[in-house]
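K.L.:
A single structure is presented below for examination.
Numbering (the working numbering), first residue to last: 6 to 366.
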């Protein structure tokens, strides 16, 4: 079985990766159930191999509902209570309650912001709007507004209090320990004036993780969730070795890599070919776009981490990326394709050789 991702038009769209999932046909008694739907503006496919047909179908439908739910929750245009859109409108005035899922995601994204030294975090909303406005109108950036947009993305301008705790004022010192947990209740979130959330680059991965938990709770232990740039797999896959992912890039004659995912997630970031759910590949410390990286790939346990890692590594590049990856435990694996998209890219890696590889016969 092979799955070829559709190409989507974008700047330098020829560099949009094609991720192929391959496997041998399973015996009839273990025939998989595979279904497709749309979430985050793109096709999502889910496969379950170890449940009977009806249980698998119900589990997959529930997983799709969870994907949609997280998509609504993280939508910056939504005015639903507890959504990112509602936070952007109201959390600058006073702390706002949010549910456990969004609270967890905001805390994780802020930790990534600190880990990347502010290169990529959840407060890129104002900067993203300026970039999108310039792309739509062709107008130049106002220097003062651009400077304010960069400052608005700083990690310390988001405060997330654990359930039952009171958030300290926004703009507290970056890296300050989070408040202690209280006696329950919702998370509480406050934004510094002028800052806006943008969870592209985390939301899709987090939604995949939550959807996979839905599959687990239904009894699935051998399953895959895939989007055009993201995979998360559990179990032994079709061949009993894991789930095979073949990384191929247009313009590169041979597949860049063929690996088995075993209870892991893989994500790809492509600064030269942004998709509908992708963030802007901009260093939030300076507002400058990522350069010198055609694509970055990350493999980790969770999809939310793989997606955020791939995005961050595309922004900060090889040398800073390797330095920051070496501090993570357990260490993820990463792969870069370096270049500007005009000539064949140069490959570089971090612990990529330790992943189980597929060997062609």
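Backbone N, C-alpha and C fix where the C-beta goes; we use that ideal spot for every residue, glycine too.
At 4 residues or longer, and completely inside the segment 295-336: list those alpha helix (DSSP H) runs for me, N to C.
P.N.:
Counting only runs of 4 or more, we get 308-330.
K.L.:
Anyone know if the C-beta pair for residue 236 and residue 274 falls short of 8 Å?
P.N.:
No; because the gap between Cβ atoms is not below 8 Å, this pair is not in contact.
K.L.:
For residue 88, I'd like the list of residues in its chain whose CB is within less than 8 Å of its CB, leaving aside the five on either flank, ordered along the chain.
P.N.:
The residues are 77, 78, 79, 80 and 107.
K.L.:
Any contact of the segment 302-313 with the segment 193-212, i.e. 3+ C-beta pairs under 8 Å?
P.N.:
Short answer: they touch.
K.L.:
Just the Cα atoms here: how many angstroms apart are residue 260 and residue 159?
P.N.:
Straight-line Cα distance between these residues: approximately 38 Å.
K.L.:
Mind listing, in chain order, the continuous beta strand (DSSP E) runs of no fewer than 3 residues lying wholly within the segment 193-248?
P.N.:
For the segment 193-248, whole beta strand (DSSP E) runs of length 3 or above, ordered along the chain, are 228-232 and 235-239.
K.L.:
Starting from the Cα of residue 233, find the closest Cα among 283, 39 and 321 and give me that residue.
P.N.:
If we check each option's Cα against that of residue 233, 283 comes out closest.
K.L.:
Less than 8 Å separating the beta-carbons of residue 200 and residue 138?
P.N.:
No.
K.L.:
Go ahead and label residue 52 buried or exposed: buried means 16 or more other beta carbons lie within 10 angstroms of its beta carbon, across all protein chains shown.
P.N.:
Buried, since its Cβ has 16 or more Cβ neighbours within 10 Å.
K.L.:
How would you call residue 178, buried or exposed, if buried means at least 16 neighbouring beta carbons within 10 angstroms?
P.N.:
Low local confidence applies: a pLDDT of 37 at residue 178 is under 50, so the model's placement there is unreliable, with the coordinate-based value given in what follows. Burial call: exposed.
K.L.:
State buried or exposed for residue 105, treating a residue as buried only when at least 16 other CB atoms are found within 10 Å of its CB.
P.N.:
When all chains shown are included, residue 105 counts as exposed.
K.L.:
Determine the DSSP secondary structure at residue 48, reduced to helix, strand or coil.
P.N.:
In the structure shown, residue 48 sits in a strand (DSSP, three-state: E or B).
K.L.:
State the DSSP-derived secondary structure class of residue 88, mapped to helix, strand or coil.
P.N.:
Coil.
K.L.:
Going by beta carbon distance, what residues of the same chain come within less than 6 Å of residue 321, once the five residues before and after it are set aside?
P.N.:
So the list reads 124, once near-sequence residues are dropped.
K.L.:
Rounded to whole angstroms, what's the CA-CA distance from residue 220 to residue 68? Just pull it up for me.
P.N.:
Near 6 Å, if we compare the C-alpha coordinates of residue 68 and residue 220.
K.L.:
Using the C-alpha atoms, what's the distance from residue 333 back to residue 113?
P.N.:
Distance between the alpha carbons of residue 113 and residue 333: 14 Å.
K.L.:
Out of 66, 362 and 302, which has the shortest C-alpha to C-alpha gap to residue 249?
P.N.:
Nearest option by C-alpha distance: 362.
K.L.:
Where does residue 345 sit, in a helix, a strand or coil, going by DSSP?
P.N.:
Correct three-state label for residue 345: coil.
K.L.:
Roughly how many angstroms lie between the CA atoms of residue 8 and residue 267, to the nearest whole one?
P.N.:
For residue 8, the predicted structure reports a pLDDT of 33, less than 50, and the residue's modelled location is therefore unreliable. A value from the coordinates is still provided. If I take the Cα positions, the gap works out to 18 Å.
K.L.:
Taking buried to mean at least 16 other C-beta atoms within 10 Å of its own C-beta, is residue 203 buried or exposed?
P.N.:
When all chains shown are included, residue 203 counts as buried.
K.L.:
Please return the same chain residues whose Cβ sits closer than 6 Å to the Cβ of residue 323, not counting the five positions on each side in sequence.
P.N.:
For residue 323, where only same-chain residues beyond five positions count, the Cβ hits under 6 Å are 341 and 353.
K.L.:
Going by beta carbon distance, what residues of the same chain come within less than 7 Å of residue 215, once the five residues before and after it are set aside?
P.N.:
Counting only Cβ-Cβ distances below 7 Å, and skipping sequence neighbours, we find 71, 75 and 106.
K.L.:
Give the C-beta separation of residue 44 and residue 73 to the nearest angstrom, bearing in mind that I take them to be a contact with Cβ-Cβ under 8 Å.
P.N.:
Right, the Cβ-Cβ distance comes to about 6 Å (below 8 Å), so this counts as a contact.
K.L.:
Given a threshold of 16 other Cβ atoms within 10 Å of its Cβ, counted over all protein chains shown, does residue 20 qualify as buried or as exposed?
P.N.:
Low local confidence applies: a pLDDT of 39 at residue 20 is under 50, so the model's placement there is unreliable, with the coordinate-based value given in what follows. Buried.
K.L.:
Can the beta-carbon of residue 128 be found closer than 8 Å to that of residue 155?
P.N.:
Result no, Cβ atoms of residue 128 and residue 155 do not sit closer than 8 Å.
K.L.:
Could you give the distance in angstroms between the alpha-carbon of residue 36 and the alpha-carbon of residue 242?
P.N.:
If I take the Cα positions, the gap works out to 12 Å.
K.L.:
Can you tell which of 277, 317, 331 and 337 has the C-alpha that lies nearest to the C-alpha of residue 347?
P.N.:
The shortest C-alpha separation from residue 347 is found at 277.
K.L.:
Kindly indicate which residue of 327, 86 and 65 has the alpha-carbon position closest to the one of residue 50.
P.N.:
The candidate whose alpha carbon is nearest that of residue 50 is 65.
K.L.:
Do you know how far the Cα of residue 330 is from the Cα of residue 46?
P.N.:
Using only the alpha carbons, I get a separation of about 30 Å.
K.L.:
In chain order, what residues of the same chain have a beta carbon less than 8 Å from the beta carbon of residue 351, not counting five sequence neighbours either side?
P.N.:
Correct list, in chain order: 342, 343 and 344.
K.L.:
What does residue 75 pair with, by DSSP beta-bridge criteria?
P.N.:
In DSSP, residue 75 forms no bridge with anything.
K.L.:
Would you identify the three-state DSSP class for residue 114, choosing helix, strand or coil?
P.N.:
The answer is helix: DSSP assigns residue 114 an H, G or I state.
K.L.:
Pick helix, strand or coil for residue 277, following the three-state DSSP scheme.
P.N.:
If DSSP states are grouped into helix, strand and coil, residue 277 belongs with coil.
K.L.:
Measuring alpha carbon to alpha carbon, tell me which residue in 39, 145 and 151 is nearest residue 292.
P.N.:
For residue 292, the nearest C-alpha among the options comes from 151.
K.L.:
Whose CA, out of 217, 197 and 229, lies closest to the CA of residue 95?
P.N.:
The residue with the shortest Cα to Cα distance from residue 95 is 197.
K.L.:
Below 8 Å CB to CB, which residues in the same chain sit around residue 281 once its five sequence neighbours on both sides are set aside?
P.N.:
Closer than 8 Å at the Cβ level, and outside the excluded window around residue 281, lie 13, 45, 46 and 47.
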